[in-house]
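Engineer: Note that the numbering used here has the sequence shown beginning at 865, numbered continuously upward.
Note that the Cβ used here is the ideal one computed from N, Cα and C, for glycine as well.
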Amino acid sequence: MDTPCPPASLYDLSFAQMQARLAADGLKPVHATSLWKLLYARLEPRPEAVEELAPPLKRWLAKHWGATYGGHNAEVCERIESSDRQTRKMLLRLSDGQIIETVVMGYPGRFTACLSTQAGCAMGCVFCATGQMGFVRNLRAGEILAQILEAQRLLRADGNFLRNLVLMGMGEPFQNYDAVMQALSAATHSPGFCLGPAHISVSTVGVVPGIVRFTEERQPYSLGISLHASSDQERSALLPVNQRWPLSELIKACKYYAARSGRRVFFGWTLIHGRNDSLESAARLVELLKGLDAHVNLIRLNATAGFEGVSTAAAAADAFRAAVQAGGLPCTIRQYRGIDVAAGCGQLRAERLPRQSPAKALPA
Ligand code: SAH
Ligand code: SF4
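1. Does DSSP put Trp-1109 in a helix, a strand or coil?
2. Checking the sheet assignment: what are the DSSP bridge partners for Cys-978?
3. Taking 7 Å as the cut-off, is the C-beta of Asn-1040 nearer than that to any heavy atom in the ligand SAH?
4. Using the beta-carbon count (16 or more within 10 Å), is Gln-1083 buried or exposed?
5. Would you report the Cα separation of Ala-1080 and Ala-1122, rounded to the nearest angstrom?
6. With distances taken between CB atoms, is the gap from Glu-1014 to Leu-955 smaller than 8 Å?
7. Out of Tyr-933, Asn-937, Ala-896 and Tyr-1085, which one is the CA nearest neighbour of Gly-1060?
8. Considering just the uninterrupted stretch of the beta strand (DSSP E) at His-928, what are its terminal residues?
9. Under the criterion of a Cβ to heavy atom distance below 7 Å, does His-1137 qualify as lining the ligand SAH?
10. Measuring straight from C-alpha to C-alpha, what distance separates Lys-1116 and Ala-1167?
11. Check Tyr-933 in the structure and name its three-state DSSP category.
12. Under 7 Å: does the beta carbon of Asn-1166 sit that close to some heavy atom of the ligand SAH?
13. Between which two residues does the alpha helix (DSSP H) containing Glu-1007 stretch?
14. Run the Cβ filter for me: residues under 5 Å from any heavy atom of the ligand SF4, listed in the order they occur in the chain.
15. Report the option in Asn-1161, Ala-1169 and Phe-1171 whose CA atom is closest to the CA atom of Ala-1186.
16. Where does Val-1071 fall in DSSP's three states?
17. Pick out the complete beta strand (DSSP E) segments inside the segment 1090–1158, 3 residues or longer, and give them in chain order.
18. Based on the DSSP secondary-structure assignment, which residues constitute the bridge partners of Thr-1196?
19. What are the uninterrupted segments assigned as beta strand (DSSP E) that are 3 or more residues long and contained completely in the segment 877–909, given in chain order?
20. Identify the residues that DSSP records as bridge partners of Glu-939: which are they?
21. The beta strand (DSSP E) with Arg-1001 in it runs from where to where?
22. Quick one: what's got a C-beta closer than 6 Å to Cys-989's C-beta in the same chain, skipping five residues either side?
23. Comparing the CB of Met-1236 with every heavy atom of the ligand SAH, is any distance shorter than 7 Å?
24. Just verifying my parser: in three-state terms, what is the DSSP assignment at Leu-1301?
25. Can you tell me whether Tyr-971 is buried or exposed, with buried defined as 16 or more other CB within 10 angstroms of its CB?
26. Note down the Cα distance separating Glu-916 from Leu-1019, rounded to an integer number of angstroms.
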């Protein structure tokens, strides 16, 4: 099912790999630091053309940028803004023609980028535009980093900078675990993007082995679980993944994570009229998460072409929240940002490329 990845770029190297690669060609550790800064602090679009580099690094880049390593691995092919400019969405074209989405959201005093981790997604959640598209391939670490790079460039043009990352774009991060963790490690490396691990959140639909690995590796990022239902019957009808890892296993893994990390777990719940928004669902949710340090974020469904469900009305969402809170669980309703830029997961891409077959690459 997985199609081969396009050639590697320099952005796919971790800092240690970059050091080792340069050392193998006789360059010093300081050259790796300069190159890393050039890519991730200066956001240099043409590193091979920068004049003031140390001659050995300049020579190395002249030889390898573009030739050994495929130069840039993503380019922005479309940018749109919500009417209030608080949500900006980019479509990035990868070197094999795949198109992915990145969203930059502004909140008072801070900016957050929502990143994609796969082209498409194999998990098939019925209400999700990315799930409806099917799986194409995993992104490489450099392609995940390219999204941070472009978000930072966008913000820097206005004198701002990125503070938070959420892995809530296209794809399931725990189905592309290694590339995701390498990209996050690079995003927190100093010098470079220098993002704080506490400002990074990884969201999973409930891939239990990924949650266990994340816990055992003591990854320093926040964990979000897309829960959406409090009985196996309701959940399996919305999220096929529940048939593989049912609620009992998922909650056990969440408890393991919470106990080992001492951190709160954030649960996402998309409210769909008549499917998961009853007060009985809310009461079961409270029971399910008993004993866990948890926070529930409710989002009202953002309609997609491939799903006939409708969003819960605002008053019913308020009643659901009140029932959860009355059970002692912290619970908030989040606005789906930038509806007018189709900022739901995978929606802009689906809108622009409605008949793209899941397993085929777009022409470059
Ligand atoms: N695959 C991961 C990361 C993507 S996160 C995960 O599912 O957690 C995207 C979030 O938006 C998920 O919680 C998902 O369930 C939710 N979502 C997807 N499509 C949506 C829609 N049409 N309306 C509201 N929420 C949606
Ligand atoms: Fe994949 Fe997440 Fe969409 Fe489900 S909600 S199809 S896991 S991206």
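Structural biologist: Taking the structure as given:
1. The three-state reading of DSSP puts Trp-1109 in coil, since its state is none of H, G, I, E or B.
2. Looking at the DSSP assignment, Cys-978 forms a beta bridge with Val-967 and Val-1030.
3. False, no ligand heavy atom lies under 7 Å from that Cβ.
4. Label assigned to Gln-1083: buried.
5. Before going further, note that residue 1080 is Glu rather than Ala in the sequence given. When rounded, the distance between both Cα atoms is 11 Å.
6. The Cβ-Cβ distance between Glu-1014 and Leu-955 does not fall below 8 Å.
7. Among Tyr-933, Asn-937, Ala-896 and Tyr-1085, the Cα nearest to that of Gly-1060 is on Tyr-1085.
8. No beta strand (DSSP E) contains His-928, which is instead part of the alpha helix (DSSP H) from 919–928.
9. No, the beta carbon of His-1137 sits no closer than 7 Å to any heavy atom of the ligand SAH.
10. A straight line joining the alpha-carbon of Lys-1116 with that of Ala-1167 spans about 32 Å.
11. If DSSP states are grouped into helix, strand and coil, Tyr-933 belongs with the strands.
12. Inclusion of Asn-1166 in the 7 Å shell around the ligand SAH follows from its C-beta lying nearer than that to a non-hydrogen atom of the ligand.
13. Where Glu-1007 is concerned, the enclosing alpha helix (DSSP H) stretches over 1005–1020.
14. This criterion selects Cys-985, Met-987, Cys-989, Cys-992, Thr-994, Gly-995, Glu-1036 and Val-1069.
15. Residue Asn-1161 is the option with its Cα nearest to Ala-1186.
16. Coil at Val-1071, not helix or strand.
17. If we require 3 residues or more, the beta strand (DSSP E) runs fully inside the segment 1090–1158 come out as 1129–1135.
18. BP columns for Thr-1196 point to Asn-1161.
19. Within the segment 877–909, no complete beta strand (DSSP E) run reaches 3 residues.
20. Note: Glu-939 sits in a beta bridge opposite Arg-957.
21. First-last of the beta strand (DSSP E) with Arg-1001: 999–1002.
22. In its chain, beyond the 5 residues on either side, Gly-995 and Leu-1103 have a beta carbon closer than 6 Å to the beta carbon of Cys-989.
23. The first residue shown for the chain is 865 and the last is 1228, placing residue 1236 beyond what the model contains.
24. As displayed, the chain neither begins before 865 nor continues past 1228, which places residue 1301 out of reach and without an answer.
25. Residue environment analysis places Tyr-971 among the exposed positions, since fewer than 16 neighbouring C-beta atoms fall within 10 angstroms of its C-beta.
26. Rounded to the nearest angstrom, the two C-alpha atoms are 25 Å apart.
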